[in-house]
Amino acid sequence: MSVIKKLTTFFAAGQAGLVLTSEEPEECLQELATAARASQATDEPWDLMFWDAVDGLTDAYENNISVGGDAEVDPDIAALGLGGLSGQPQMIGLHDALQQVLACAKDRKYRDEMDESTAEDGVQRVICVRNWDRHLAPNGASGAIDANLLMLAQKLIRVGQGTGVTLLMQTSDCYKSPPELKVHCEYVKHDAPDSEEVSNIALELGIEEDKINDELLQATAGLSRAKVAQYLAETVSESGFADPTAVFKKKAVHMAKDNHLDIFHPAFIEKFACYPRPESGKYAKALGFTLLKQEHHYQNPAAIKKGEVRCRVSYVLDDVKQTEWLESMPLVEFEHLFRPDKNPFSFDSVVGHSHTKETVRQLYRPNLPDRCPRQMLTLVGPPGTGKSLMHKCIAGELELPMASLKMEEVMDQYVGNSEQYLMQGLNAAIATGGFLAIDEIEQVIPANQSSSEGNGSGVERRMSGQIKTFLNDQDSMFIIAGANSIKDIHPAMVRSLRGKLMWAGWPDREAKDEAWRMYTRKHELAEQKLPKDDWWTPADIAACCVEAEVMECSIFEAAESIVPTYFSRQDDMEALMADVEREQIPDSATGKKFVHPRKNKKSSAPKKVTRRVKPAKKENE
0 MSVIKKLTTF
10 FAAGQAGLVL
20 TSEEPEECLQ
30 ELATAARASQ
40 ATDEPWDLMF
50 WDAVDGLTDA
60 YENNISVGGD
70 AEVDPDIAAL
80 GLGGLSGQPQ
90 MIGLHDALQQ
100 VLACAKDRKY
110 RDEMDESTAE
120 DGVQRVICVR
130 NWDRHLAPNG
140 ASGAIDANLL
150 MLAQKLIRVG
160 QGTGVTLLMQ
170 TSDCYKSPPE
180 LKVHCEYVKH
190 DAPDSEEVSN
200 IALELGIEED
210 KINDELLQAT
220 AGLSRAKVAQ
230 YLAETVSESG
240 FADPTAVFKK
250 KAVHMAKDNH
260 LDIFHPAFIE
270 KFACYPRPES
280 GKYAKALGFT
290 LLKQEHHYQN
300 PAAIKKGEVR
310 CRVSYVLDDV
320 KQTEWLESMP
330 LVEFEHLFRP
340 DKNPFSFDSV
350 VGHSHTKETV
360 RQLYRPNLPD
370 RCPRQMLTLV
380 GPPGTGKSLM
390 HKCIAGELEL
400 PMASLKMEEV
410 MDQYVGNSEQ
420 YLMQGLNAAI
430 ATGGFLAIDE
440 IEQVIPANQS
450 SSEGNGSGVE
460 RRMSGQIKTF
470 LNDQDSMFII
480 AGANSIKDIH
490 PAMVRSLRGK
500 LMWAGWPDRE
510 AKDEAWRMYT
520 RKHELAEQKL
530 PKDDWWTPAD
540 IAACCVEAEV
550 MECSIFEAAE
560 SIVPTYFSRQ
570 DDMEALMADV
580 EREQIPDSAT
590 GKKFVHPRKN
600 KKSSAPKKVT
610 RRVKPAKKEN
620 E
């Protein structure tokens, strides 16, 4: 049922207090205004006004309603007691607007009791307050509720019941009404269109019925009706057909527009490798082939024949980087000459963590009814051990989209915003058919909820409750989280049956050697002396190789600028390992309970020694 049908049902029942939530509030309110304008030509018209802090009071036609001025007052506005005052026009404040609507409700109730009701009393009057939760708590999460506004809303809802006057409060998804309002209000959710509605929109755009498949429906899942129509129309216009991949890309950009959310899909990585073929000529010797741009006939019909493709590429030939346009070639030939390179985001790109990789493979079981026996996996460990990289590599390995929350952007001063951002991330994971990644989860949902940042607001408690409720209701999605400290992780996130902790610590000797081989090859470094790498993380090894390539020096020399995290924060790292050992957390590499590596107390920074690790041979050598 559309939000308009839900609202009109409540209007007919005489409901005076409604809470409207939507992931697309602007589009939802536009639908509301359009419906109000359209109702004027029907037997059951309803008048709609909006109030926000920028424009004050406006009608459904986006005309400002001001107090004062010499202009003729609209009869509908006059009926509410607004306008008609002398002097300069002034923007109407929220309290004044609600007072006037309350007065209208009182007049209607009085006329109804005196059997003096007019035809005008039968017109539904609605005042919609944008961002109601922010106005009710104007000082943000740590501020008190505006008692005067709360009392005014109570009066309006109580008096307006059955009079055809409604207070519509537009809020965030996670808003919870105060008890004084909750008992009198009904909640209305602006739902995304279902598959039938999406199919109807596609048909109206001229898309053939046989092209409206499950892939296209999945690509549009979670979008509003307006966005579905927009992206389908744009895709058809750009490519000549309803391309699900193109629609998904547009959706990913749209979902991440507020800077607190990223959408990643491994299928969108346009990285190609060139392989030898007798007739391929010079390209047979090229390595590191990268597709910069791919053009089809519909993009450049003057230069490219139908059924062919032209590519702009970058590659290295004889140690010289080159960039050029390839000749137009049939798609079949292109696929034969070039194939997708090994996924840069796969488990092969992460050294160590063998047990975690196997756990993830068991976590996602698409062929089983209950594919997520454990729906939340948290990797705890020092920086640089591959926790964040693991998130993208899980997406690449399972070929699933990933919605990732930017923790520094999630925590917000305004009431309900942090919870809303978290819910948007959860909904985005469902809409994309993937999973949710949360890095540094201890910063968002800390164990100590009485911290100065939380300030007793209950934000952390509500967010942890959101995740628990979500996981209990979902059997087809999981969450991957990362943390740098175990004592700061909220117990609710790891003590449930569906949560699991793993220690992502320093790699062992075998994993370090693998990291050296991986990064020396990536940065084209020859076999050479390597430094002692006690307490080095894969990130330290990668940084060392980058430094050697950029500075054109040996790896041994580059290591002089590397300060491992352990030695820069030794007390913290020792405390972290002690916590992990005490909690009996399994090791990410072996799956066995972590045991602190008892080291010599006299040791300090590692001494430089030399050894050799032979880089792996390049393919096609």
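Residue numbers (numbering that gives the first Met the number 0): 0 to 620.
For each residue, glycine too, the CB sits at the ideal point set by N, CA and C.
{"query": "Burial state of H595 (16 or more Cβ within 10 Å)", "result": "exposed"}
{"query": "Residues that DSSP places opposite P329 in a beta bridge", "result": "E307"}
{"query": "Residue(s) in a DSSP beta bridge with N63", "result": "T57"}
{"query": "Sub-8 Å separation of L421 and A428 beta-carbons", "result": "no"}
{"query": "Residues of its chain near E30, where Cβ-Cβ distance is below 7 Å and the 5 sequence neighbours each way are ignored", "result": "V2 and I3"}
{"query": "Proximity to G163 [Cα-Cα], best of T519, F240 and L155", "result": "L155"}
{"query": "R516, enclosing alpha helix (DSSP H) - first and last residue", "result": "R508 to K521"}
{"query": "Host alpha helix (DSSP H) of Q361 (start-end)", "result": "S353 to L362"}
{"query": "Residues of its chain near M576, where Cβ-Cβ distance is below 6 Å and the 5 sequence neighbours each way are ignored", "result": "H595"}
{"query": "N-terminal and C-terminal residue of the beta strand (DSSP E) that D51 is part of", "result": "W45 to D51"}
{"query": "For S21, the three-state DSSP class (helix, strand or coil)", "result": "strand"}
{"query": "Strand pairing of W502, partner residues [DSSP]", "result": "V379 and D586"}
{"query": "Limits of the unbroken beta strand (DSSP E) element including A402", "result": "M401 to L404"}
{"query": "8 Å Cβ cutoff met for Q583 and K592", "result": "yes"}
{"query": "Segment limits, alpha helix (DSSP H) that includes H189", "result": "That residue, H189, is in no alpha helix (DSSP H); its beta strand (DSSP E) goes E185 to H189."}
{"query": "Segment contact flag, the region 41–49 with the region 207–226, C-beta cutoff 8 Å, min 3 pairs", "result": "no"}
{"query": "Residue range of the beta strand (DSSP E) that includes L435", "result": "F434 to I437"}
{"query": "Top-ranked residue by Cα proximity to Y186, from Q419, T170 and S567", "result": "T170"}
{"query": "Three-state secondary structure (DSSP) of G455", "result": "Reliability fails at G455, whose pLDDT of 45 lies under 50, so the model's placement of it is uncertain and the value that follows must be treated cautiously. Reduced to three states, the DSSP call for G455 is coil."}
{"query": "A220 and A430 closer than 8 Å at C-beta", "result": "yes"}
{"query": "Cβ distance (whole Å) where F263 is taken to contact P382 below 8 Å", "result": "Between P382 and F263 the Cβ distance is about 20 Å, and since that is not below 8 Å, they are no contact."}
{"query": "Residue closest to E548, alpha-carbon to alpha-carbon, out of C392, D570 and R520", "result": "R520"}
{"query": "Opening and closing residue of the beta strand (DSSP E) in which G481 lies", "result": "I478 to A482"}
{"query": "Proximity of C127 and L28 at Cβ, strictly below 8 Å", "result": "yes"}
{"query": "Contact test: E237 Cβ vs the ligand HEM heavy atom, cutoff 7 Å", "result": "Among the components of this structure there are no ligands whatsoever, and the ligand HEM is therefore not found."}
{"query": "Whole runs of the beta strand (DSSP E) within the region 185–252, excluding any shorter than 3 residues", "result": "185–189"}
{"query": "Buried or exposed (CB count within 10 angstroms, at least 16 for buried), P489", "result": "The sequence as given places His at residue 489; Pro does not occur at that position. The residue in question, H489, is buried, as its Cβ has 16 or more Cβ neighbours within 10 Å."}
{"query": "C-alpha gap between K356 and L260, whole angstroms", "result": "25 Å"}
{"query": "Residue range of the alpha helix (DSSP H) that includes R133", "result": "W131 to L135"}
{"query": "Contact the region 10–18 vs the region 181–196: 3+ CB pairs below 8 Å", "result": "yes"}
{"query": "Candidates Y230, L397 and R461, of which the one nearest M410 by Cα", "result": "R461"}
{"query": "Counted within 10 angstroms of its Cβ, other Cβ atoms place Q321 as buried (16 or more) or exposed", "result": "exposed"}
{"query": "Under 8 Å between C-beta atoms of P537 and P585", "result": "no"}
{"query": "Inter-stretch contact at 8 Å, needing at least 3 Cβ pairs: the region 225–232 / the region 190–203", "result": "yes"}
{"query": "Between the CA atoms of V235 and L204 - distance to the nearest angstrom", "result": "9 Å"}
{"query": "Nearest candidate by alpha-carbon position, reference V350, set A143, E513, F333 and V122", "result": "E513"}
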